[in-house]
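Chain order of the listed sequences is C and E. Following this note's numbering, the numbering of the first sequence begins with 3 at its first residue and continues without gaps. Following this note's numbering, the numbering of the second sequence begins with -6 at its first residue and continues without gaps. Single-structure report; data block below.
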Amino acid sequence: MSVTSALAGALSGLSATSRQAEILSSNVANATTPGYARRQVSLGSAVLAGQGQGVQVLGITRDVDKQLLGERRLAQASGADRDLRAAFLARVEQALGTPDSAGSLAARLAAFDQALVEAAGRPESQARLSGIATTAQSLAAGLATATKDIQSARATADRQIGEEVGRLNATLAQLQELNVQLRSFTGAGRDVSALLDKRQQLVDQISSIIPVREISRDLNQIALVTTGGATLLDGAAAVIGFSAIHTITPEMTQASGGLSGITINGRPYDTAGSASPILGGSLGALFAVRDELAVSAQGKLDAVARDLVERFASPTVDPTLAPGAPGLFTDAGAAFDPLDEAGLAGRLSLNALVDPSQGGALFRLRDGLGAATEGAPGNGTLIAALHDALTAARPLSSTGFAAGARSFATLTGDLMSDTSALRLAAQSEKSFASAKLTALTDLEAQNGIDTDQEMQDLLVIEKNYAANAKVIQAVADMIDTLIRLGA
Amino acid sequence: MTRISVGDASLTNILARQSADLRGQVQRASQEVATGRHSDLGAALRGDFSPLLAIDASLARLSAYKSNTADAAFQTAAQQSAISGLSQLASGISTTLLGAKNATPVQIDTLAADARGRLASAIGLLNTQASGRAVFSGVATGTVPLGSVEDMLTALQTAAAGATSAGQVTAAVTGWFADPLGFGAFYQGGGPRSSTPIAQGEAAEIPTTAMDPALRDTLAGFAMAALLDRGVLAGDATERGRLAQQAGQQLASTEDARTTLQARIGTVEARIEAARTRNSAEETALGILRSEIGSVDPYEAGTRLEAIQSQLESLYLVTARVSRLSLAEYLR
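This is the structure:
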């Protein structure tokens, strides 16, 4: 009966337009929801026994550009990586100070230099001798503070690695569960868009920690493989292992066994170099901060500290100094041991012999560290020699800087300039990565919900609905007419 | 398929980002205008701090040289005035002493008492302290170089004991002053003072101590006459007159040496003064250079602020206009 099929066809049109309206309302409601992908109702003509029978809803499609999504995830990872590196290097620059900050290493050194010159002009003045002691202490404190800052940044990085690994494991477990749900729902033919949204968000979270590629499998399943080649999820989720520690000292490294590396399913992997599968995101950057950037920054600081110690430790500068005895600056009170350079900057202290607060006497600055009794008060020869030792060009004992002889002020300047140049380079890489991420995010946002378009669609849906209803009314009239004929 | 829609979030993102970016620029520019300093010095200098640090180090050192030159100038001035005082003491009595050969014993006695007073004053002058430092003590700035006049005369009297002629007394006195165990032991100061740094690579030497021959010989002249007051050659009026005359000769003959010494200290004073002038010129020049390198051009920063401000205002206008552009507004 064709009138009945006309009624059925119109009814199917009504239900299809209602479905469209439902999806449209969901789109409009989620116009600003992050991770929400636009849905579309795909329609097809219903065929029953070889004949058209109205319209049918084929399914709901999520409108996602997978290519773009993958690109954006990689950009997100490299953005997180550059951000962390730049932030660390900026912190080191701040720890050392810039020429316009009052407590910078160079300012402390200039004060020490000034105190030596003034005391050489007036060696009998207690105030000027005490000026040498306090400025020397301030210089040592400056190096110690910078060391503390760098090491605490390392400890923070270590703790953050622990947090990131925890988040990674939790997210992977959630993804595994979602995969299971998706398999059964897809098999049952239900709408899985919301689950797919959720899964996309979770993968986004992972990919800023470690850059991953998503590999699609049947029944809406995915596998995750890092760009470095480690499988994180394929059916079962991988378990990533790391143990954070509380305190980090400058001499602790991953090689020396003091710091934890990373394991995937119990197997250890490199955390640096081309063989490492975890690089490119925030996790790789945190390892780089902890194991490379901080170590090299500390190495330079230690080289500077060592140069300072060695300048004053020679009997040619201070003839009263016994061979092997510590000079004006000491390694936590003892003489400096060249085998124990790591972390020297943090242990540097003024020799207790000249520090009144540690039972020393200021006259030893003028008469020599080995002097037993106070000499002639007007003798500034040794203080002038100390100043010469500070300003003389001297070859560097440590690596980390370009070779060549330089004065201590030049060395400090090199340290600060080096640090600043590194920070600037990292920052320009960071802005490059973030520009790329911004561009991709913009593209992705362009594919998002356009309320104007939804409103246009709404007009069409309204019109279609009215038309279908009109058809039903017409069919009803036709049936009524038939019924009246029989009456 | 070709897209013909643009997601709402896209526009919102772009506007929000541009607004945040411009606000950041406004903040930096206004900070630079207000403080006159770069908000990111590292970026302004491209990471090379060395010129600025060198200037800062020089400025710090110049301020040290400033106090050193002032100090050294004070020390040399104190030496100069002490030596001038010595010369006045000497010239006030030397002429009278020279004519003492024919003086009456009473006149000799008066002269001797005068000479003894002048010796005490001369010792006082050499014991001058400037800003707590004994200027003629060399490195031993904490102790005055000479003891009391009585001690000196007692030592001299012992040295001249048994002398029966003016010549013998003179020889004993000059011998005592030249003797390391005589005046050398009487001198309580130390060796020459170490040099004072007064400018980059330049140091002022202030080595003059009370052991300087010019000062020592002057003291010897006063001492010879002062011994008369202690009763040396008592009763022999002729020899006493001759000794007074020899004391006068001694004082007169040291005048040249004192002048030479003053000239020598004068050249040091001139060097200190030259260093001071040079340092202060350098300080000014470095200060200008520092603000050229390390400071922001306020006009440039101000113009920048103005430009960003108008840009931000335009953005607000665009944001307001664009936000009203929605189909939903027209579907009534």
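Built from N, CA and C at the ideal position, the CB exists for glycine as well. Keep in mind it's a predicted model, so treat the numbers as computed, not measured.
Opposing strand residues paired with residue i [DSSP bridges]
| i | result |
| --- | --- |
| Q53/C | L50/C |
| Q58/C | G46/C |
| E216/C | L226/C |
| A2/C | No answer is possible for residue 2/C: the residues shown for chain C start at 3 and end at 489. |
| A387/C | According to DSSP, which records beta bridges pairwise, A387/C is partnered with nothing at all. |
| I485/C | I485/C pairs with nothing; no bridge assigned. |
| F331/C | L352/C |
| P397/C | A407/C |
| P36/C | Answer by DSSP bridge pairing: none, since P36/C is not bridged. |
| I266/C | I242/C and R269/C |
| T63/C | Q42/C |
| S288/E | R30/E |
| A336/C | D333/C |
Residues near residue i by beta carbon distance below 6 Å, same chain, minus five either side
| i | result |
| --- | --- |
| R209/E | F170 |
| D479/C | none |
| M(-6)/E | Any answer about M(-6)/E is weak, because its pLDDT of 44 lies below 50 and its placement is not dependable; what the coordinates show is given next. Excluding residues within five positions, none has a Cβ falling inside 6 Å. |
| S140/C | R110 |
| A152/E | A165 and W169 |
| A157/C | I250 |
| Q300/C | I152 and P252 |
| A246/C | D160, R161 and G164 |
| A12/C | N470, V473 and I474 |
Rounded straight-line distance, which links the Cα of residue j to that of residue i
| i | j | result |
| --- | --- | --- |
| L295/C | L285/C | 14 Å |
| I301/E | P44/E | 31 Å |
| P173/E | M145/E | 14 Å |
| S28/C | L460/C | 12 Å |
| D390/C | Q72/E | 29 Å |
| D309/C | T332/C | 12 Å |
| N32/C | I451/C | 8 Å |
| V227/C | D272/C | 16 Å |
| E216/C | A239/C | 14 Å |
| A274/E | A70/E | 23 Å |
| T202/E | T270/E | 27 Å |
| A207/E | T189/E | 24 Å |
| A394/C | A407/C | 9 Å |
| G512/C | D1/E | For chain C, the structure presents residues 3 to 489; residue 512/C sits outside this window and is missing. |
| V5/C | L324/E | 36 Å |
| T136/E | T147/E | 21 Å |
| T35/C | L318/E | 21 Å |
| T211/E | L244/E | 6 Å |
| D546/C | E431/C | Residue 546/C cannot be examined here, being either before or after the span of chain C that is shown, 3 to 489. |
| P328/C | G362/C | 14 Å |
| S288/E | A47/E | 16 Å |
| T492/C | V167/C | Since the displayed chain C opens at 3 and closes at 489, residue 492/C lies outside it and no answer follows. |
| G37/C | S284/E | 51 Å |
Contact belief for residue i with residue j at Cβ below 8 Å, rounded distance in angstroms
| i | j | result |
| --- | --- | --- |
| A305/C | F403/C | 6 Å |
| S278/C | Q78/C | Going by Cβ atoms, the distance from S278/C to Q78/C rounds to 19 Å, so no, they are not a contact pair. |
| A105/E | A219/E | 7 Å |
| A378/C | G183/E | 4 Å |
| N381/C | P101/C | That belief does not hold up - the Cβ atoms of N381/C and P101/C are roughly 35 Å apart, past 8 Å. |
| D115/C | K302/C | That belief does not hold up - the Cβ atoms of D115/C and K302/C are roughly 21 Å apart, past 8 Å. |
| S187/E | A257/C | Going by Cβ atoms, the distance from S187/E to A257/C rounds to 51 Å, so no, they are not a contact pair. |
| L112/E | V142/E | 5 Å |
7 Å Cβ shell around residue i - same chain, five flanking residues per side excluded
| i | result |
| --- | --- |
| E464/C | none |
| L86/C | S284, A287, L288 and V291 |
| D205/E | L254 |
| Q223/C | N181, L184 and R185 |
| L15/E | I301, Q304, L305 and L308 |
Sequence-distant residues of its chain with Cβ nearer than 8 Å to residue i (five each side left out)
| i | result |
| --- | --- |
| L236/E | A159, V162, T163, M217, A218, L220, L221, V225 and L226 |
| K94/E | G234, R235, A237 and Q238 |
> What alpha helix (DSSP H) runs, 4 residues minimum, are completely inside the region 112 to 158 of chain E?
Replying inline: 142 to 152
> Whole alpha helix (DSSP H) runs in the region 163 to 201 of chain E with 4 or more residues, listed along the chain?
Replying inline: 176 to 179
>> Could you tell me which whole alpha helix (DSSP H) segments of length 4 or greater appear in the region 189 to 262 of chain E?
In response: 206 to 222 and 230 to 246
>> Quick check for students: name the residue ranges of the beta strand (DSSP E) that lie wholly in the region 248 to 323 of chain C, counting only runs of 3 or more.
In response: 264 to 266 and 269 to 271
>> Quick check for students: name the residue ranges of the alpha helix (DSSP H) that lie wholly in the region 99 to 174 of chain C, counting only runs of 4 or more.
In response: 107 to 123
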